[in-house]
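Right, one structure below, let's go through it.
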Amino acid sequence: MCGITGWLLPPGAELSPAVLDRLSESIRHRGPDDAGQYCNPAAGLALAQRRLSIIDLSPGGHQPMIHADTGDVLVFNGEIYNFRELRTQLEYQGCRFRSSSDTEVLLQGLAVWGLRSCLKRLRGMYAFAWWQAAECALHLARDPLGIKPLYYGEPLCGAGFVFASEIKAFLSLPGFARQVDRRALGQFLEFGYTFEAERTIFAGIHKLPPGHLLTVRAGVAGLLERFFTPEVRVDESRTSEDWQEELYATLCQVVAEHLIADVPVGLLLSGGLDSSLVAALAVRSVPVRTVCMGFADSAVDERPHAREVARFIGAEHEEVLIKPGEIQNMLEGAAVDFDDLFADWGTISTRLLYQKCWERGIKVVIVGEGSDELFGGYGVFRRSQSRAPRDWWLFQLYRNYCGRRYGHYFGAFRARMRAYLDATGDDRFAAIRLFESREQLPNNYVMKVDKASMAASVEARTPFLDQRVAEIAYRIPARHLLSAESEKEVLRRMAGRYRLLPEATLCRRKFGASIVASWMDESESFRCYARDIILAPGGWTEALGLDGAMRDYFLRGRNGYPFPWAISIFSNLAWRLLTLELWARVYEIAARDA
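Count along the sequence shown from 1, add 64, and you get the number used in the working numbering.
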């Protein structure tokens with residue numbers, strides 16, 4: 065796992081090597097173990113990488129990595145889980161290797177098979193930039209489900225094409241205008257993140273969408289090209305038992321691959337179905353160390369459930385207790401970490417948990433993210449059973465995502481959902497699953513995992529987001545996933561069939577409470593802290609005309625609203641505005657630009 069950055073400039077343009085130093089330093093937390101740079105002034109090329117050593121800890125894995133025969137150069141962030149298999153294929157074709165790293169396998173594979181053919185063979189999480197010397201072309205690619213991020217801008221500061229693993233690197237560019245993208249800001253206020261795959265909170269900076277590649281020549285980017293399009297048509301011919309067997313065999317292999325590392329590996333265990341299932345499969349390969357988070361003096365505590373699972377599967381288990389003061393103290397630091405402006409109730413506690421893992425010497429953490437989006441784990445999937453007319457159903461679905469009060473971006477949401485409905489033959493469940501996995505996952509949940517873990521210099525791995533698992537999930541009909549009692553039914557039945565988990569875990573419903581959410585509604589000290597920041601004179605809340613609504617919210621308190629959904633709407637808005645105000649302070653974004 066690493067951080068990468070660099071640029072490709074048009075003829076006549078130049079940037080100082082000192083600028084590359086600053087870009088690299090800004091993402092140091094992503095790779096504190098090693099740093100490297102490559103510059104080719106004649107080509108206008110500069111590449112930098114920060115390395116978090118996970119596989120092959122020797123200097124043989126140093127980046128940027130240069131191909132001895134072709135002169136190609138690679139900077140790579142992520143893990144290729146089938147690198148040993150690919151290495152064997154390349155050795156059969158005559159390749160010789162100097163290291164045991166997956167980076168060298170990727171570099172050799174690109175040279176032998178070419179970009180598109182190589183991408184089709186990869187199984188893993190990755191974002192990379194490959195300089196193809198013979199073509200004078202810089203190729204960028206991001207994994208199919210967007211587990212690893214990659215941002216780019218063109219042209220920036222009159223210089224050319226610049227890319228980086230995190231937005232904060234761009235802020236090191238001389239003369240970079242910190243201008244907020246108004247559409248992205250509006251989506252943030254409604255959703256808590258920017259749901260359009262290419263857009264970021266900063267005007268001029270874009271995300272490379274999942275499963276896409278981009279080729280740059282002479283500092284000018286070509287058209288985005290999708291290299292991964294999953295088969296989304298469901299297969300009605302198979303039984304639940306058929307799906308259970310295929311999922312079990314695939315998940316066993318995938319989880320085993322995700323455990324490969326030359327450093328200590330841990331698993332985050334909440335006691336819920338997803339993390340418990342991953343842990344249960346992991347112990348069949350290696351002894352497992354699990355970590356669970358708990359909160360002092362709070363009803364939001366999953367430790368008893370995690371303890372039960374750890375005993376059942378025979379894992380070495382550790383509990384991490386987080387105190388209220390730690391979360392409040394982490395808020396401003398989290399604003400630095402989440403540079404793309406992101407508000408999720410679990411952001412701060414997740415960031416703290418990864419920090420605790422790092423303090424315990426755990427450099428790789430296996431997590432259960434992705435299961436809900438692929439296997440129908442959210443209540444929103446039940447809306448797929450509605451027989452309402454299409455546009456009315458889409459409006460109800462939109463309100464489910466962003467709350468009853470809003471509707472400004474319904475047009476953009478509807479256009480994306482219509483495309484998913486068309487792609488799935490008007491299968492509403494499958495369309496929601498595509499929206500969740502292509503929009504919510506990379507721009508919301510997986511972003512949280514990447515930024516929170518890498519801020520602590522910890523690599524997070526997500527077995528459920530392996531391409532093979534996703535391709536199976538896309539084909540499973542809703543009737544095998546939703547039952548009257550529960551969601552993700554096929555996973556529950558699989559876990560029961562193979563005796564992976566305690567019966568109580570299989571029957572437990574999803575637990576979605578958040579300690580920060582409860583504080584926003586119930587803790588007077590936290591509400592005062594949030595109120596003072598949100599309602600500070602001259603802030604973004606005032607500039608956006610939301611100060612009146614927030615004053616009313618803080619005056620009313622939890623018991624001042626007649627309906628539960630009303631307090632939820634305003635609590636969510638307050639959390640987003642608190643996040644916005646802290647982010648704007650850290651990155652010096654004046655409210656006058658609103």
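Think of the CB as a built atom: it goes at the ideal place given N, C-alpha and C, for glycine as much as any other residue.
- Annotated as distal: Leu202 and Phe291, with beta-carbon spacing of 8 Å or more.
- Between Asp401 and Asn508, the C-beta gap is not smaller than 8 Å, which leaves the two residues out of contact.
- Excluding five sequence positions before and after Val510, the CB atoms of its chain that fall closer than 8 Å to its own CB belong to Leu209, Gly210, Ile211, Glu433, Gly434, Thr526, Leu529, given in chain order.
- Taking Pro328 as reference, the option from Val347, Ser349, Ile426, Thr293 with the minimal CA-CA separation is Ile426.
- Rounded to whole angstroms, Gln172 and His276 show a C-alpha spacing of 21 Å.
- Around the beta carbon of Asp133, fewer than 16 other beta carbons sit within 10 angstroms, so the residue counts as exposed.
- Following the DSSP letters along the chain, one finds Arg502 in no beta strand (DSSP E), marked with neither H nor E.
- By the 16-neighbour rule on beta-carbons within 10 angstroms, Arg297 is exposed.
- When secondary structure is reduced to three states using DSSP, His203 falls in the strand class.
- Within its own chain, the residues whose Cβ lies closer than 7 Å to the Cβ of Asp98, once the five positions on either side in sequence are excluded, are Arg115, Ser117, His126, listed in chain order.
- Straight-line measurement puts the Cα of Ser334 at about 17 Å from the Cα of Lys387.
- The beta carbons of Tyr418 and Val429 sit about 7 Å from each other, so the pair counts as a contact at 8 Å.
- Contact annotation: Phe192 and Gly217 have beta-carbon atoms that are not nearer than 8 Å.
- Taking the CA atoms as reference points, Ala542 sits about 43 Å from Asn393.
- Nearest to Val347 by C-alpha distance, out of Leu565, Ala520, Arg246, is Leu565.
- Asp326 sits away from Leu150, with the two beta carbons spaced by 8 Å or more.
- In the three-state reduction of the DSSP assignment, Tyr617 falls in the helix class.
- Going by DSSP, Thr354 is part of no alpha helix (DSSP H) but of the beta strand (DSSP E) stretching over 353-359.
- A residue is called buried once 16 or more other Cβ atoms fall within 10 Å of its Cβ, and Pro213 is buried on that count.
- With respect to the C-alpha of Lys515, the residue from Leu498, Arg86, Ile91 having the closest C-alpha is Ile91.
- Close CB contacts of Tyr538 within its chain, under the 6 Å cut and outside five residues either way in sequence, are with Pro294, Val296 (chain order).
- In the three-state reduction of the DSSP assignment, Lys515 falls in the helix class.
- In the displayed model, Val226 falls within a strand according to three-state DSSP.
- Per DSSP, reduced to three states, the secondary structure at Glu652 is coil, with no helix or strand assignment.
- Leu461 has its alpha-carbon roughly 34 Å from the corresponding atom of Ala519.
- The C-alpha of Gln153 is placed about 20 Å away from the C-alpha of Gly124.
- Going by DSSP, Asp326 is part of no alpha helix (DSSP H) at all; its letter is neither H nor E.
- By the neighbour-count definition (other C-beta atoms within 10 Å, threshold 16), Tyr156 is an exposed residue.
- As a beta-bridge residue in DSSP terms, Pro96 pairs with Arg115.
- Under the 10 Å beta carbon count, Gln449 is surrounded by fewer than 16 other beta carbons and is classified as exposed.
- When the alpha-carbon of Leu345 is set against those of Asp365, Leu337, Ala320, Ala198, the nearest one is in Ala320.
- Between Ala613 and Ala655, the C-beta spacing is not below 8 Å.
- When the Cα atoms are used, Leu253 and Leu641 turn out to be separated by approximately 8 Å.
- For a cut-off of 8 Å, the C-beta gap from Asp166 to Glu143 is around 6 Å, short enough to register as a contact.
- Straight across, the Cα-Cα distance linking Arg246 with Val513 is about 25 Å.
- Taking 8 Å as the cut-off, the beta carbon of Gly330 is found closer than this to the beta carbon of Thr354.
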